[in-house]
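Mapping of the sequence shown onto this note's numbering: residues 83 to 257, in sequence order. Think of the CB as a built atom: it goes at the ideal place given N, C-alpha and C, for glycine as much as any other residue.
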Amino acid sequence: MTSVLIRNNAVFDTMAETLFIPTDTSRKEVYEALFPQIEALIVDESDLTANLANITAVLKEAFGFFWVGFYLVKEGQLVLGPFQGPIACTRIPFHKGVCGASYSRAETIVVPDVEQFPGHIACSSASRSEIVVPVFHRNGTVAMVLDVDSDQLDDFSETDREALEKVAALITRKL
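Encoded structure:
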């Protein structure tokens, strides 16, 4: 399988193991460089676990987030899926924490300070801010959530919301 590498607006075929991350640029520009690479990683792969694992690796490597992972809807709750970072909570009820709130509301939730979020589940005390994005089945129900934690306060912006929702839409196309 090959992927697409973009450098200085030129497109190259490259091995899937190669990831181009621009430096000295805005977070928005990094996301824009990553989208075609993520698409190339998942376009020919039918295994959901493999795709989610690669997406978490891309986001963790590109931005150095504290924790990046998926919680999948299983058995009437959110169950830990592929992730990058320290060990995590394995199961989250639909009505608990930021992940449960994102699932229940079917919307992205940005939390600038997790200590201020009522009912926050502290899988790690090092987590300071968080963004959780629902990933939808094609029928419109929530299939999973993408959870990204930072060890910095107020680390997520509208740029992250828009970009991670675009990543979620890429996954929806594979479901």
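- Non-local beta-carbon contacts of T190 in its own chain, meaning distances under 8 Å to residues more than five positions away in sequence, involve S184, I213, V214, V215, P216, R243, L246, E247 in chain order.
- Below 8 Å, enough C-beta pairs join the segment 229-243 and the segment 145-163 to call them touching: three or more.
- Distance from the CA atom of K142 to the CA atom of A170, rounded to whole angstroms, is 15 Å.
- Look at R220 here: in three-state DSSP terms it is coil, with no helix or strand label.
- Rounded to the nearest angstrom, the Cβ distance from Q234 to S211 is 6 Å, consistent with a contact under 8 Å.
- Secondary structure note for K156: its beta strand (DSSP E) is the uninterrupted segment 149-156.
- For L257, the CB contacts under 7 Å within the same chain, skipping 5 residues up- and downstream, are H219, R220, A225 in chain order.
- Excluding its 5 nearest sequence neighbours in each direction, P175 has C-beta neighbours in its own chain below 7 Å: Q159, G182, listed in chain order.
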